[in-house]
Amino acid sequence: MDLAQAIFRSALTPDWFGPNRLNDDFMGRFEAVTLHMALVVRALRRKDAAHARFANRLIAAMFDLLDAGLRELGVGDLTVPKKLRVLSEAFHGRLRAYDAALDPLAPTDALAAALMRNMFDDQKSALPLANATADWVRRAADRLSVITHFNDELVCAAFGAPVLAVSDD
């Protein structure tokens, strides 16, 4: 599915990775993809039943891409399904956490707390990054909420560039 590949491309831009950012490894990349995918799935599911079904197909396409990525990394055929099961549980947990944190009635720090827990391993030094990421997430969620036809260009434009206001020092 082209949209899933476009979401992966947006999530895997170098701006997300490096010092004072996400680790540039499989799990860091998984977290970036999960965050982007969760935002799109959330927006789709808020539309109607047809969009919700499309969201489910998008999630399936995401896991097809993760399956291929694990195999490309040399993970064995017997291990891939086990790893995908763990990743699926992690994805769906994060999807629920981010959706709840984006609820207008949620505490204002709920999103940064969810990001700290899931993306930044609760490292206190990552709090500025979690706050900057939370701001980016809110902007992206707002832009995605007004899209009526979800295609590669509109979704990627809604993400925009990550503006992570932390120092690389």
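Numbering-wise, the working numbering puts 203 at position 166 of the sequence shown, and it's gapless, one number per residue.
Backbone N, C-alpha and C define an ideal beta-carbon position, used for all residues, glycine too.
By the three-class DSSP mapping on this structure, what secondary structure does residue i have?
| i | result |
| --- | --- |
| Ala75 | helix |
| Asp205 | Note on Asp205: pLDDT 45, under 50, position unreliable in the model; the coordinate value appears next. Correct three-state label for Asp205: coil. |
| Leu166 | helix |
| Asn54 | Before going on, a small fix: residue 54 reads as Phe here, not Asn. Reduced to three states, the DSSP call for Phe54 is strand. |
| Asn188 | coil |
| Gln42 | helix |
| Pro144 | coil |
| Pro199 | coil |
| Leu70 | Position check: residue 70 holds Val in this sequence, whereas Leu was assumed. DSSP places Val70 in helix when its eight states are reduced to three. |
| Phe157 | coil |
| Gly106 | helix |
| Leu115 | coil |
| Val183 | coil |
Going by the DSSP bridge assignment, what does residue i pair with across the sheet?
| i | result |
| --- | --- |
| Leu59 | Phe54 |
My assumption, with CB atoms under 8 Å, is that residue i sits in contact with residue j. Please give the rounded CB distance.
| i | j | result |
| --- | --- | --- |
| Ala69 | Ala97 | Wrong, their Cβ atoms sit about 19 Å apart, outside the cutoff. |
| Leu107 | Lys120 | 6 Å |
| Ala177 | Ala195 | 6 Å |
| Tyr135 | Ala75 | 5 Å |
| Arg82 | Ser182 | So it is not a contact: roughly 11 Å between Cβ atoms. |
Touch check for the region 126-133 and the region 110-117: three-plus C-beta pairs under 8 Å?
-> Contact between the region 126-133 and the region 110-117 is absent: fewer than three C-beta pairs spanning the two stretches fall below 8 Å.
Could you tell me whether the region 143-151 touches the region 40-53, where touching means 3 or more Cβ pairs closer than 8 Å?
-> With the cut-off at 8 Å, the region 143-151 and the region 40-53 do not touch.
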